[in-house]
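Under mature numbering (1 follows the signal peptide of the UniProt record, and there is no 0), residues -19 to -1, 1 to 315 are what the sequence shown spells out, in order. Read through the structure below, which is laid out as structure tokens, and then see the notes.
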Amino acid sequence: MGRYAFSALLLMVSSLASAAQPVTVYSYRQPFLVEPMLDMFTKETGIPTQVVFAQTGLEERLKREGRLSPADVVLTTDISRLATLVDMGLTQPVNSDVLNENLPSQYRDPNNQWFALTLRVRNIYSAKDRVGPAADIRYEDLATAPFKGKICMRSGKNAYNIALVASMIAHHGEAETKAWLEGVKANLARKPQGNDRAQVRAVAEGACDYAIGNSYYYGKMLEDDNQRGWAEAVVINFPNQNDRGAHMNVSGGAMAKHAKNPEGAQRLLEFLSSEQAQGLYAELNYEYPVNPKVAPSELVASWGQYKADVLPVAKLAEHHAAAVKLLDEVKFDL
């Protein structure tokens, strides 16, 4: 075999080995949602994946593993965890024309450290029989006298509510947001408790007339025989439609700081932003696609069009610490 032929063979073998190198994913997202997309990614690219699923503790694990960590990509469920990964120095930038084209700048980190992959609205639900639609409702209204004793809400320290408070700070400042939190707390029908679905159940059972919850839980309850009645007892309302628009949170992904397969990691993030994967996200979990070329699922579309807050999601991360501080100051959960 000639020298050039041998060099070409080595190059081909090296390329094949690189293509076969797996992408290791650390994921807060549930297996039922992630696995179909990873299978599709492998089918499309030939790149296998390995997944570590967890409900908590991935940040601490990455920090503990340091340079020895096998993680290439981290998938999270909200902006707070994306921001924490960056603050702990556990990510690295991804400079990708594909990601920039597929994802609006509002839903990307300004320094390319993370990328939103799905959207969800923080809706206000109203009792269908006792209240009916509340089309003009605003988050600000929840602190006013007509809502006294009528609101159910999970812990203020839940990541979804911290992000909502952070958005209020971004729009109104800390002093006004603190007053708003005090007003909402005074209007609660019970102490904060349970998850988002539990709030809708409480409305259905008459414990309160209004509840705050993410949009995709509404779809998940409608598909659950045991929970459909809860969802059918409420109206899903998109807040602040006559001013700034409804508060948006995201799930997203980032490349791990010590990724062993950065090329594969970038290809996976790009794939997850593609029309194909975004459509699957929409169908499987009733979330809104980030890629503007992709329509929501038929069920989600049936809830109606809405105006989204144009506040860059990165601003929520900037005000995260202040939001937690205000929740502590007003003793929201007590």
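Idealized CB from N, CA, C, for every residue including glycine. Predicted model only: the values in this text are computed from it and were never measured.
Quiz item: Exposed or buried, V33, counting other C-beta atoms within 10 Å across all chains shown (16 or more means buried)?
Solution: Counting the other CB atoms within 10 Å of its CB gives V33 a total below 16, which places it among the exposed residues.
Does DSSP classify F13 as helix, strand or coil? If DSSP states are grouped into helix, strand and coil, F13 belongs with the helices.
Let me know the secondary structure DSSP gives N97 once reduced to three states. The amino acid at residue 97 is misidentified as Asn; the sequence shows Ala. When DSSP states are grouped into helix, strand and coil, A97 belongs to the strand group.
Handout entry: 7 angstroms Cβ shell around Y(-16) - same chain, five flanking residues per side excluded
Key = Low per-residue confidence applies at Y(-16): pLDDT is 43, beneath 50, and the placement is therefore not dependable enough to give any value.
Give the single residue among T58, Y106, E46 whose Cα lies nearest to the Cα of C189. Ranking the options by Cα distance to C189, first place goes to Y106.
Residue closest to N76, alpha-carbon to alpha-carbon, out of M236, R103, F13
Per the Cα distances, M236.
Which of helix, strand or coil does DSSP assign to I143? Here I143 carries a helix assignment [DSSP, helix/strand/coil].
Which residue marks the beginning of the alpha helix (DSSP H) containing Q259, and which one marks its end? Per DSSP, Q259 belongs to the alpha helix (DSSP H) from 256 to 266.
| Under a three-way DSSP split, which group does R103 fall into? | Residue state, collapsed to three classes: strand.
Could you tell me whether the Cβ atoms of A214 and A185 are closer together than 8 angstroms?
-> Going by C-beta atoms, A214 is nearer than 8 angstroms to A185.
Quiz prompt | DSSP-derived helix/strand/coil call for M18 | solution = The answer is helix: DSSP assigns M18 an H, G or I state.
Problem set entry | Nonlocal neighbours in the same chain, by C-beta distance under 8 angstroms from N218, ignoring five residues either side | Here N218 has N104, I105, Y106, S107, P114, A115, A116, I118 as same chain residues with Cβ atoms under 8 angstroms from its own Cβ, once five neighbours each way along the sequence are excluded.
Counted within 10 angstroms of its Cβ, other Cβ atoms place E35 as buried (16 or more) or exposed:
Per the sequence shown, residue 35 should be read as Ala rather than Glu. By the neighbour-count rule (16 or more Cβ atoms within 10 Å), A35 is not buried but exposed.
Practice item. Measure from the alpha carbon of K109 to the alpha carbon of each residue in S86, L80, Y191, F128, then state which is nearest. Key: Checked all of S86, L80, Y191, F128; the closest Cα to K109 is Y191.
* Asked: So, is P85 buried or exposed, given that buried needs 16 or more other C-beta atoms within 10 angstroms?
  -> Exposed, because fewer than 16 other Cβ atoms sit within 10 Å of the Cβ of P85.
* Other residues of its chain near P277: CB distance less than 6 angstroms, five sequence neighbours each side excluded -> Hits under 6 angstroms: A263, Y269.
message = According to DSSP, is N221 part of a helix, a strand, or is it coil?
response = The answer is coil: DSSP assigns N221 none of H, G, I, E or B.
- So, is Q247 buried or exposed, given that buried needs 16 or more other C-beta atoms within 10 angstroms? It is buried - the Cβ of Q247 has at least 16 other Cβ atoms within 10 Å.
*Please name the residue, chosen from G38, T37, M18, L39, that lies closest to P29 on a Cα-to-Cα basis.*
For the residues G38, T37, M18, L39, the minimum Cα distance to P29 belongs to M18.
*asked:* the ligand HEM and Y191: does any heavy atom of the ligand fall closer than 7 angstroms to the residue's C-beta?
replied: This structure simply doesn't include the ligand HEM, nor any ligand for that matter.
Helix or strand or just coil, what does DSSP make of T72? In the structure shown, T72 sits in a strand (DSSP, three-state: E or B).
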